[in-house]
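One structure is given below, encoded as structure tokens.
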Amino acid sequence: MNIDLCKIIELPKITDPRGNLSFIEGGNQIPFDIQRVYYLYDVPGGAERGGHAHKGLHQLIIAMSGSFDVVLDDGKNKKRVHLSRSYNGLYVCPMIWRELDNFSSGSVCMVLASNKYDEADYYRDYAEFMRNRWQA
Ligand code: TYD
Numbered sequence: 065m066n067i068d069l070c071k072i073i074e075l076p077k078i079t080d081p082r083g084n085l086s087f088i089e090g091g092n093q094i095p096f097d098i099q100r101v102y103y104l105y106d107v108p109g110g111a112e113r114g115g116h117a118h119k120g121l122h123q124l125i126i127a128m129s130g131s132f133d134v135v136l137d138d139g140k141n142k143k144r145v146h147l148s149r150s151y152n153g154l155y156v157c158p159m160i161w162r163e164l165d166n167f168s169s170g171s172v173c174m175v176l177a178s179n180k181y182d183e184a185d186y187y188r189d190y191a192e193f194m195r196n197r198w199q200a
């Protein structure tokens, strides 16, 4: 899996003077069905999250409030993506090492995932990720 597959997906935005509305339907706006939603909040200044890769999981990462950065690494190329709009989602395909940092105060990071939580789907060791990354 190549880092170029990880892209910002612009979600539908229904603008309204009463407040805007965006929506996501599994398999429609995003290339997977949603099996799980989780979110990071109350992140202290300077904290870093992530620091792992997934073997088979597809994810969409959205800054629901505030902003943060996602650093993506496919073992060959890296890119840093700044998320700050709740109508933008960053699609992350399997076999991408990711780190999240630069959280603004009060930010909320929501993640839509293609499967339920499974620790066996993680690479938490970068060297192990690299060994397996280049076997395919
Ligand atoms: P982890 O995925 O390492 O967090 P992050 O990538 O955001 O830094 O998960 C942190 C802990 O939470 C770990 O003990 C597993 C647990 N967890 C669940 O139980 N369910 C979940 O859906 C997720 C994402 C994590």
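Under this note's numbering, read the sequence shown as residues 65 to 200, first letter to last. For every residue, glycine included, the Cβ atom is placed at its ideal position computed from N, Cα and C.
Using only the heavy atoms of the ligand TYD, determine whether one of them is closer than 7 Å to the beta carbon of residue i.
i	result
residue 176	no
residue 100	yes
residue 116	yes
residue 113	yes
residue 104	yes
residue 190	no
residue 187	no
residue 181	yes
Residues in the same chain with beta-carbon distance under 6 Å from residue i, minus the five sequence neighbours each way, listed in chain order, please.
i	result
residue 175	102, 123, 125
Here's the rule I'm using: 16 or more other beta-carbon atoms within 10 Å means buried, otherwise exposed. How should residue i be labelled?
i	result
residue 169	exposed
residue 53	For the chain, the structure presents residues 65 to 200; residue 53 sits outside this window and is missing.
residue 127	buried
residue 139	buried
residue 87	exposed
Cβ of residue i within 8 Å of Cβ of residue j?
i	j	result
residue 224	residue 121	With the chain represented from 65 up to 200, any question about residue 224 goes unanswered, as that position is not in the structure.
residue 118	residue 186	yes
residue 165	residue 112	yes
Which residues in the same chain as residue i place their Cβ atom closer than 7 Å to its Cβ, once the five residues preceding and following it in sequence are excluded?
i	result
residue 99	177, 178, 179, 180
Roughly how far, in whole angstroms, is the beta-carbon of residue i from the beta-carbon of residue j, given that I think they are within contact range, below 8 Å?
i	j	result
residue 132	residue 147	6 Å
residue 163	residue 114	5 Å
Beta-carbon within less than 8 Å of residue i's beta-carbon, same chain only, minus the 5 sequence neighbours each way: which residues are those?
i	result
residue 73	93, 94, 124, 152, 153, 154, 155
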